[in-house]
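What follows is a short report on a single structure.
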Amino acid sequence: MKTVQRGRRWILGLVLGLGVLILLALAFALFVDRTTIQRLAFEQIERAFGPYITVGRTELSLFPRPRLEFTDVVVKAHRDAHAMFRAQSLSMEVAFWPLLDHILDIRSLVISRPELEVHRDPEGHWRVPLQHPGDRSMIAGLFAVRHLMVDDGHVTLIDERPKEGVRGLLIDNLRIRWSAEQPAPSPAAELELRGRVRNQGHMAQFSLAGRLEAKPPEPMLMDPGTPPQSPPVAFNGYLAIQDLDIEHVVAFLALREEADNGLGAVDIQSQIKVAPGTAGYDLSLFDMTVQNPLLSFTGAIHVGAFNTENMTLSIVGSSSPISLKQIKEHVPLAWLPEALHAPWEEVDVDGMIEVVRATVIAPTRSPLGISVNGEIKVADVALHSSTQAWPSLDHVQGTILLEPDRIRCRDFTGRYDGIPVETAQALILSKKSETWLELQVQGPVPPQKVLAEFQEVLSSEGSASSVRAWQVLGGEGRLVLRLAGPMMLTASPFERVALVEGSYDVEHLQIELPHIGVALSDVSGRLRFTPEETALNDVNGWIGRAPFHLDGVIDTRAAPVFDHVILLTTVNADSLSDIQVPPGVTQYVPYGEIGGRFEIAGPLATPLIKGELDFVRAALRFPMILEKVPGVPGSLEFTIRVKPHGLVVKQLELLVLPIRISSRGLVTWSPTFAIRATLGTGSVYVGLLPDGLTVANGVLRSGILELSLDVRGHNRDWRTWQIDGWIALTEGVMIAEGLDQPLSHVFLRVKLNSQAAAIARCDFRLGESDVRMTGSITHWRDRPKIAVSVESDQFDLDQLIPKGERSPLREALELLAAETTVDARVTIARPWYQRIRLKQLTSTVTVHDGLIKFDRMNAQGEDSGTLSGRLLLHLPRGKPGAMRVSFAIQDFPFRPIEESFERGQRLVTGRLTAKGMLQGHGRHPQGVRRSLQGKVQVTLVDGYVQRGTILPRILAILNLPTVLRGTVDLTKDGFPFDQARATLTIEHGIMTARDIVIDSPIMKLTAVGSYDVANDRLDGVVAVSPFGPYSDFLKSIPLFGKILTGERKGIATALFKIAGPLDDPTVEYLPLESFATGLTGLAQLAFDILKNTVMLPTELLPKRGSAPSEDAGAREHVPIP
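Here it is in structure tokens:
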């Protein structure tokens, strides 16, 4: 029963349902026809795309749900325009009941193979083929579509703005899935979008999936009079892009030409959010990763007020390290500013760069421009340029901090042009009109680099080339630089960046100075510099072996100028030997400790140097000019202007009070050397010189000395210079070794020129002697030639005889003979030597090549007699000398000669006549005496022998004084003689006499023998025979005997042997019995001379009593070395 009831109920429900459907179909047919539905669909499409729409075919189906399908849909901007939208088919499913009210409520929309073109016009506006793309009502209508599917869609983006041509981007294989919900009060939808971007055969896949929600506006913000609008929407989802061609997208967005530089493709994954903002919509990409074979990026991108005039782009993220070399290889040149094209191509760059963190904010219309914050690290960066426009960088690493208005670079290290930089800091400020750079670098810089820069500055200033020859041998230094200035977007971006300040601390610096032959060593100190000045702070070191200290400032505001630069130094004598000086100058170099102070001012190329050298602890030696011992105050003060090619000596004074030597002048050395200077002393009172200060080697002891010179020259050899001036000495007193008395009353006037020195007047006194000289000295600077006339009223010749083995006079004569040529005429009115008085002595003196010749010497005795002769001396420097003398004496009193040479043992009177020649040299091992040779003839008449060492002893042996007592007083008057003569021959220092004869009214004497001058040894025989009125009386003396030889008549004779030294010989009587067998040897010769009535011998008289003996004696005590 129950089963039957259930069946009936089911059948009844089915019938009722069919009835309702039939009624609905009848009602739909009565109220909504096909034409109405098509009209409603077209109106909906026209509201979306505009009125210019065409379709190929339209189909409508009602069951199971109302569905409308269009094929070949075409949308145009206007009737004759190109199609902006196409679709193969467009199928929409609509709600049934709204159709009864003629409302098209689309519940599902399917678009097959759509094609859409989106244009950006030349003004920069995007044109989307929608009637009102920003109308929120359209967005609300989209949420009304419960389901949307798009398959195999194509989107073409065309940019008409670039002047160089139209650019495009193609998206195809587009697939969209839309599923909307209608929960109150905010509708939402799930969106999925997939497709690919095509470019010349390359395809990038992308997908977007997420949730789209409508956000109702806040009620309080709504204007009551404003009609209600569809709510804004927000989207949260996920974006993925694979294999996106960077060059294609960047070229399209950056409006630049594409370049195949191998940037490759990227993979992008990110969360995406689109939400309403204060103006328009905000787009955010977060948790974003960008992968590329070159680098990876993680971070977020935010676009505020998207696609509005106030759009703002923000990027936050970091990147992996990337090679700068790869960036240069792959980044197209067109992406860079045109001004950087040339430097970008010429530099070779390498190294790694990493974005640690970065925030970029780029508003489109804000006057502030792009704002960047972040941190970038660089490592092992190298930059090399084929030109000199960019420095060479190696191993650079550091951190770059980015701020909105500045860029900070910190902790940078590396190598700059091969120089290590330990730390560098930089600040780049973005100002209104320019970009400003502040840079600080520090690190060890080799002195070679600093010196090269300094030499370059000097080269540009035209300074002395000597500095360019300096060579750094060692040392180390630390440089700190602070630079600032505007950077320019040009090939030389740092052209206007200038130095603010810097310093260079140097240690252990060594520099070779070739021009003076010494080196700067162990130099330490600080060089501080700014654009206005360069300061030298506490610079210490050694120049050669002398320490120095340097302080001061170089003003660089205009051309470089020394401003109070002070150099202090202390020099020791041994350190001066390191300095290269011209030959001959070393003898003028002082010794001891010299303090120096130099103040430098003026232009770098032409500085003014004021200096003072303190010689108080030093000795000065200018040979034959001035000598000072340590302890005597002295200084050299000078003011010198350095010129590009020379020196201007404004003032130079050597002060050793009371001596003041001043000089001024000009010295140039380029293109040729030249000097022009003056030198003067003023009046120097020599007698006031302090102890330890001498003039002319101490020879000048008193007087007033004056000197004035003008010097001109065009050669570095001073001997070629033209020197004009004069030398004066008044009331001078000179003391010279070898002279027994000083030269006094010296009055000297010498006028100098380049060729000769004219001796206008030279007067002096030497004891009782006086001398006057006039003449000239030519070639006085190299090998002087002296021509003088010497006159004297009275002169003591003994002053000219050298005393001692090596007397100063001998050395002076050697120097004179070796270095000069002399031609002198000498006239002395009253000369004398010891007791010898002469008058009218004349002679010519010639000196050359080591020879001194006295020619045509003539003089008269004061009372009677004449003298004449010639003397030749050969005096080589430092070697034994030689002499040769020839003379003639006529009727000259003998006693003055004897008294001049005798020491009191002999006394002989008479008148002397003699002539002869004598020569010798000092080369013999036994001395000059052994070298003597010569021959002398002597005659002495009308004299007496009052004292002697030979004849008085013979007379005593004969007892002659006693025998003749009462007749001749031999003790009182001496032994008389009428004539004494002899011929003396000297060979090898041995004097031989074979014809000595003494003729006396009492008896006759003859003698023969020899005298060894070198050994002072006399060996001879004297024969004595009574003569004249006393002969018979004297024959009674027993010692007289007769010697008979052959048929010859016997003669009363006494023989004596003489032997021993000349001053104390042994006189021995020879008995006649010893000659029983006959006379031999010297005895026979003496007897023969006596027999032949030869005059009695003279030479056996006291040595100083005869001319030959006295001459020999004099030579004995005056050796010639």
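Under my numbering, think of the first position of the sequence shown as 3, with each following residue one higher. Positions of the beta carbon are idealized from the N, C-alpha and C atoms, including for glycine.
- Annotated three-state conformation of Ser902 is helix, per DSSP.
- Ranked by Cα distance from Val618, the options Gly648, Arg177, Leu695 and Met489 are led by Leu695.
- When secondary structure is reduced to three states using DSSP, Val398 falls in the strand class.
- Here the region 700 to 714 makes contact with the region 679 to 688; the two share three or more CB pairs at distances below 8 Å.
- In the DSSP assignment, Tyr54 forms no beta bridge with any residue.
- In this structure, Pro449 sits near Val474, with a CB-CB distance shorter than 8 Å.
- In the three-state reduction of the DSSP assignment, Gly689 falls in the helix class, which pools H, G and I.
- DSSP, read as helix, strand or coil, puts Ile959 in helix.
- Rounded to whole angstroms, the gap between the alpha carbons of Ile761 and Arg751 is 6 Å.
- Between Leu429 and the set Tyr835, Glu535 and Arg410, the nearest pair of CA atoms involves Arg410.
- Annotation note: the region 773 to 839 contains the following uninterrupted alpha helix (DSSP H) runs of length 4 or greater, listed N- to C-terminal: 810 to 821.
- Judged by beta-carbon spacing, Ile113 lies within the 8 Å limit of Val152, meaning their Cβ atoms are closer than that value.
- In the DSSP assignment, Ile1000 falls outside any alpha helix (DSSP H) and within the unbroken beta strand (DSSP E) covering Ile992 to Asp1001.
- Around the beta carbon of Glu215, a 10 Å sphere encloses 16 or more other beta carbons of the protein chains shown; the residue is thus reported as buried.
- Judged by DSSP secondary structure, His332 falls within the alpha helix (DSSP H) whose first and last residues are Leu326 to His332.
- When rounded, the separation of the alpha-carbon atoms in Gln842 and Glu793 is 11 Å.
- According to the DSSP assignment, Thr280 belongs to no alpha helix (DSSP H), since it is labelled neither H nor E.
- Val362 and Asp407 have their C-alpha atoms spaced approximately 12 Å apart.
- Of the candidates Gly945, Ile959, Leu953 and Leu934, the residue whose Cα lies closest to the Cα of Ala1016 is Leu934.
- The beta carbons of Asn238 and Ala281 sit no closer together than 8 Å.
- Apart from the 5 residues on each side of it in sequence, Val887 sits with its Cβ closer than 8 Å to the Cβ of Gly871, Arg872, Leu873, Leu874, Met919, Leu920 and Gln921 in its chain, given in chain order.
- In its chain, beyond the 5 residues on either side, Leu538, Val541 and Leu569 have a beta carbon closer than 6 Å to the beta carbon of Leu552.
- In this structure, Leu799 lies near Pro833, with their beta-carbon atoms less than 8 Å apart.
- Inter-segment contact for the region 951 to 963 and the region 924 to 932 is absent: fewer than three beta-carbon pairs are separated by less than 8 Å.
- Between Ser526 and Gln512, the C-beta spacing is not below 8 Å.
- Pro516 has its alpha-carbon roughly 47 Å from the corresponding atom of Cys764.
- Of the candidates Glu45, Glu183 and Asp247, Asp247 places its Cα closest to the Cα of Phe208.
- Cβ-Cβ separation between Ala302 and Gly279: approximately 16 Å, too far for a contact (criterion under 8 Å).
- As DSSP reads the structure, Ser870 sits in a beta bridge with Asn860 and Ala890.
- By the CB criterion at 8 Å, Glu348 and Ser321 fall outside the cutoff.
- In the structure shown, Thr987 falls within a strand segment according to DSSP collapsed to helix, strand and coil.
- When the Cα atoms are used, Ser637 and Gln399 turn out to be separated by approximately 58 Å.
- Inter-residue distance for Arg967 and Val938 is about 37 Å (C-alpha atoms, whole angstroms).
- Where Thr973 is concerned, the enclosing alpha helix (DSSP H) starts and stops at Leu972 to Asp975.
- For Val235, the pairing in a beta bridge is given by DSSP as Ala216.
- Leu501 and Val634 have their C-alpha atoms some 51 Å from each other.
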